[in-house]
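Encoded as structure tokens, the structure appears first; notes follow it.
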Amino acid sequence: MAREGLIYLITGASRGIGRSLTALLLSRPNNTVIAAVRKIDDDNAKALNALPRESGSKIILVKLDGVVESDAHAAVDTLIKAHHIEHIDVVIANAGVNDSLPSVNETTPDNIRRTLDINVYAPLTLFQATRSLLKASPSVPKFVIISSIAGSLDYISKSPLSNLSYSVSKAAVNVLGVRIAAEESDITTLLLHPGLVETDMVHEFIERHPSLKLELSKMDALKVDDSSANIVKVIDGAKKDDSGRFVDATTGENIPW
Ligand SMILES: NC(=O)c1ccc[n+]([C@@H]2O[C@H](COP(=O)([O-])OP(=O)(O)OC[C@H]3O[C@@H](n4cnc5c(N)ncnc54)[C@H](OP(=O)(O)O)[C@@H]3O)[C@@H](O)[C@H]2O)c1
């Protein structure tokens, strides 16, 4: 059943899956969608204000750069003081990067470090900053991490792609999600794989790995709005018992670790 009248916070709302999730949740009535963006004056960020919305729904833009360690706490401070937000029902840690290099041999520690900054440390500080507002939710609060099948050791061991820095980061963020689920019994925590989705991330990846173009073109990529509809369906239906699951949003099935 479609949920309405909830307060959502989504990181990486400027483009791709984050933008599509923002648009979808605004198209339901009585939602407040907090769109967290790295650059608040960017054209992509400003364009979010023009998204159509159903009656009673509104958007709040906040600045949140995942590599700035204090940004998540500063954003929550602004939400409380300037926007009178007293709780959040669903946080979606969506912002991410994939700058992985073609092989293990070519990967530098710095390449992994920069990816961890955004894909792992940012969700960690986001969780810490939003924890109290989630706990104040009158419904069942949810902390959702947009992970990837690239973080599944089962998948990595069979995959032709190296994707090292990205896989390291998504495996690590899966550990983060599992620990949050273990320690916070009142916050339903999900790790979601959105599928292969036609966004800038995938297009840029193909540009950087031309030898994989053919291989990737054979895989059926999802349209971004189809992927966000799948993600929201899983979030809507998630129960407390689902906490700690690593789910393929397309099928709703668990992904092997
Ligand atoms: N597309 C896929 O096939 C696929 C598959 C599996 C998992 N995922 C995951 O899905 C999530 C969204 O990916 P996408 O495909 O929508 O990627 P995308 O189109 O490249 O968008 C990435 C988003 O992350 C934001 N971001 C990047 N660095 C940031 C930072 N330092 N602080 C805050 N925000 C930052 C970007 O903001 P700016 O606009 O400011 O750069 C943008 O909004 C990621 O976690 C990704 O790993 C995607």
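Numbering (my numbering), first residue to last: 13 to 269. The beta carbon of each residue, even a glycine, is placed where N, CA and C say it ideally should be. Bear in mind the structure is a predicted one, so any value in this text is a computation, not a measurement.
Taking a cut-off of 8 Å on C-beta distances, the segment 233-248 touches the segment 29-38, as three or more cross pairs fall below it. Put simply, of 60, 44, 86 and 75 the residue whose alpha carbon is nearest the alpha carbon of residue 68 is 44. The segment 217-224 makes no contact with the segment 142-152, as fewer than three CB pairs between them are under 8 Å. Around the C-beta of residue 50, 16 or more other C-beta atoms lie within 10 Å, and the residue is accordingly described as buried. By the CB criterion at 8 Å, residue 24 and residue 212 fall outside the cutoff. Burial state of residue 199 is buried, judged by a 10 Å Cβ sphere holding 16 or more other Cβ atoms. Contact between residue 174 and residue 114 holds: their C-beta atoms lie close to 6 Å from each other, under 8 Å.
By alpha-carbon distance to residue 98, the top candidate from 145, 21 and 108 is 145. Judged by the Cβ position, residue 206 qualifies as a neighbour of ligand 1 at the 7 Å threshold, a heavy atom of the ligand being closer than this. Assigned with DSSP and collapsed to three states, residue 232 falls in coil, not helix or strand. CA-to-CA, the gap between residue 22 and residue 120 works out to about 30 Å. The continuous alpha helix (DSSP H) containing residue 166 extends over residues 165-168. The beta carbon of residue 234 lies closer than 6 Å to those of 207 and 209 in the same chain, with the five residues before and after it left out. Per DSSP, the continuous beta strand (DSSP E) segment holding residue 20 begins and ends at 19-23. Exclusion of residue 193 from the 7 Å shell around ligand 1 follows from its C-beta lying no nearer than that to any non-hydrogen atom of the ligand. Residue state for residue 152 is assigned as coil, using DSSP reduced to three classes.
For ligand 1, no non-hydrogen atom lies closer than 7 Å to the CB of residue 231. Around the C-beta of residue 263, fewer than 16 other C-beta atoms lie within 10 Å, and the residue is accordingly described as exposed. Within the same chain, and ignoring the five residues on either side of residue 167 in sequence, the residues whose Cβ sits closer than 6 Å to its Cβ are 161. For residue 71, the enclosing beta strand (DSSP E) stretches over residues 70-75. Relative to the non-hydrogen atoms of ligand 1, the Cβ of residue 160 comes within a distance shorter than 7 Å of at least one. In this structure, residue 83 lies away from residue 19, with their beta-carbon atoms at least 8 Å apart. Assigned with DSSP and collapsed to three states, residue 43 falls in coil, not helix or strand.
An exposed status is given to residue 169, since fewer than 16 other beta-carbon atoms sit within 10 Å of its beta-carbon.
Relative to ligand 1, the beta carbon of residue 58 is positioned no closer than 7 Å to any heavy atom.
Inter-segment contact for the segment 49-65 and the segment 135-145 is absent: fewer than three beta-carbon pairs are separated by less than 8 Å.
Taking 8 Å as the cut-off, the beta carbon of residue 205 is found no closer than this to the beta carbon of residue 130.
Judged by their CB atoms, residue 74 and residue 48 are nearer to each other than the 8 Å cut-off.
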